[in-house]
Structures are given as structure tokens and as C-alpha cells.
Amino acid sequence: MSDYLPPSPAESWLLGGVTAVLQEGIGQQLGYWVGPGGVLSHDDGSGNGWQLAWLPGGRAVISGFDVDYSTEREVAQLLAGAPPWVPAPAERAGFCFWWESDGGGWRCAAGASDPGMRLTGSVEHVEERLADRVWERIPEPDEDEDESEEEELDEWAYVEGFHRRLEELLAAAREQRLTDGELVPVLAFLADPQEQRTAGALALAAQAGFTAGSRLPWEAATA
Numbered sequence: 048m049s050d051y052l053p054p055s056p057a058e059s060w061l062l063g064g065v066t067a068v069l070q071e072g073i074g075q076q077l078g079y080w081v082g083p084g085g086v087l088s089h090d091d092g093s094g095n096g097w098q099l100a101w102l103p104g105g106r107a108v109i110s111g112f113d114v115d116y117s118t119e120r121e122v123a124q125l126l127a128g129a130p131p132w133v134p135a136p137a138e139r140a141g142f143c144f145w146w147e148s149d150g151g152g153w154r155c156a157a158g159a160s161d162p163g164m165r166l167t168g169s170v171e172h173v174e175e176r177l178a179d180r181v182w183e184r185i186p187e188p189d190e191d192e193d194e195s196e197e198e199e200l201d202e203w204a205y206v207e208g209f210h211r212r213l214e215e216l217l218a219a220a221r222e223q224r225l226t227d228g229e230l231v232p233v234l235a236f237l238a239d240p241q242e243q244r245t246a247g248a249l250a251l252a253a254q255a256g257f258t259a260g261s262r263l264p265w266e267a268a269t270a
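Here this note's numbering is used: the first residue of the sequence shown is 48, the next is one more, and so on.
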């Protein structure tokens, strides 16, 4: 068993899916995409990435590769001990995990862990990476004003405000009640008003199952 296991597929879908919604909303690449059929993909543009796919019965598979830290493995190695429903990765892969709906958690082939799984865009760190973008966009102080400790604290408060808004957005997505009321305040931290594409982001949120009346991919896969 690997010494590292990804977050649950539901949590991965939430964090990566919301990031994909924000990506659609600002028109700038954040590295996450929600595709049809319950597929979440990550690609950092440098050959590192992974794909999470939901399968019938509430099952899921995640596989991927890190160009610096992964070792490409043969399909027979990746899927050793896997049940027959686990598909072979479509592209080269250094890691592959499968998820049963019986609550047993992620499973993988025996052998050495692939460090690429932890390093390649793990959804565990998306909030930190989004906050880094917010730090870069903190409004510049007026040239006539001297920088002070109070002003520095205001910058921290600004980023803390983003974290609060992001948590509200994640909570709404988790509870399938996401609206523009939660989305727009987060977009405001990440892009100028003329760059924001709220309608497209809300449409993707519905596709991902984050809005009222929509279906989450594992619900569709179980039905």
C-alpha cells in the first residue's frame, strides 16, 4: 500500500471542481478542468497532471504522472491486484488508485510509492495557490501614503477576507446551493470586473453538481 493516499474522490472533486469553476469565471488558467461524464483533470502546463474519473457504482479511479518525480510504469504494474472494472490509464502514468464504494478508501498496486502523486497539483493545496494569486493582486497603496505596520496588517486582513469568501463558496458547493452570491465575491479577488465571466462559471458549477437541482457525478454513477 502506498504511504500516501489522495483525498477522497468527493473531496478532490469539490476542491478541484470549484477551482475549475473559478478558472472559467476569470478566464485564466488555474490548471483544473471539469469534463463530461464525471471527469476532473489537472494539468499544470509542464507535463504534470492527473485525471479523476467516476465510474458506475460510486467507484472512482485517479491516475497521473509528474515529469520530475514519477517513474513511468507498465499497465500490468499499475493495475496489479486491481479489480476488473479499473480501466487502464489513457496516458503514461506513474500512479493509479482506485476507490470502491464500500468505504474501504483508496487502493493501489503493491510496491514503492510514486512521489509524483503528492507533488502533482494535489487538491490539498489549491486554497494556498489561490491565496498566492490574491497576494499578487493586493491593491497598491497610494504613492502619497507612507507604508506602515497598520497598512501591512490590512494586507493580511485582505487575504483573510478572501479565505473567508472561499470557504463560503466551498461550503455552498458542498451543499449544492452555489449561486452568484457566493461566486462573485471570490471572483472579485482574482480578476478585474471586465474579466469576470459569471454566467459561464455558474454553468460549469451546475455541470459539476454544485448548484441546486444538479447532480453530483457519483450520484449519476450510482443511479
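Idealized CB from N, CA, C, for every residue including glycine.
Rounded C-alpha distance that separates residue i from residue j
i       : j       : result
Pro-162 : Arg-224 : 36 Å
Ala-204 : Asp-239 : 20 Å
Glu-174 : Val-114 : 23 Å
Pro-131 : Thr-66  : 32 Å
Pro-54  : Glu-202 : 31 Å
Ala-127 : Val-81  : 28 Å
Ser-160 : Gly-111 : 13 Å
Tyr-116 : Leu-87  : 22 Å
Reference residue i, options the options, closest by Cα
i       : options                               : result
Gly-152 : Arg-262, Leu-251 and Ala-57           : Ala-57
Gln-89  : Pro-264, Pro-134, Glu-229 and Met-164 : Inspection of the sequence shows that residue 89 is occupied by His rather than by Gln. Checked all of Pro-264, Pro-134, Glu-229 and Met-164; the closest Cα to His-89 is Met-164.
Gly-78  : Val-181, Gly-92 and Cys-155           : Gly-92
Cys-143 : Ala-248, Gly-208 and Gly-96           : Gly-96
Arg-176 : Val-133, Thr-118 and Leu-237          : Leu-237
Burial state of residue i, where buried means 16 or more other Cβ atoms lie within 10 Å
i       : result
Trp-14  : Shown here, the chain extends from 48 to 270; a query on residue 14 therefore has no answer.
Gln-241 : exposed
Ala-157 : exposed
Pro-136 : buried
Val-305 : Lying outside 48 to 270, the shown extent of the chain, residue 305 is not represented and no answer is given.
Pair within 8 Å by beta-carbon distance, residue i and residue j
i      : j       : result
Ile-73 : Leu-234 : yes
Endpoints, the alpha helix (DSSP H) within which residue i is located
i       : result
Val-64  : Note that residue 64 is Gly in the sequence shown, not Val. Here the alpha helix (DSSP H) through Gly-64 covers 56–73.
Asp-179 : 173–183
Phe-236 : 227–237
Ala-125 : It should be pointed out that residue 125 corresponds to Leu in this sequence rather than to Ala. That run of the alpha helix (DSSP H) goes 122–125.
Gly-247 : 245–255
Residue span of the beta strand (DSSP E) that contains residue i, given as start and end
i       : result
Gln-98  : 96–102
Ala-107 : 106–112
Tyr-79  : 79–82
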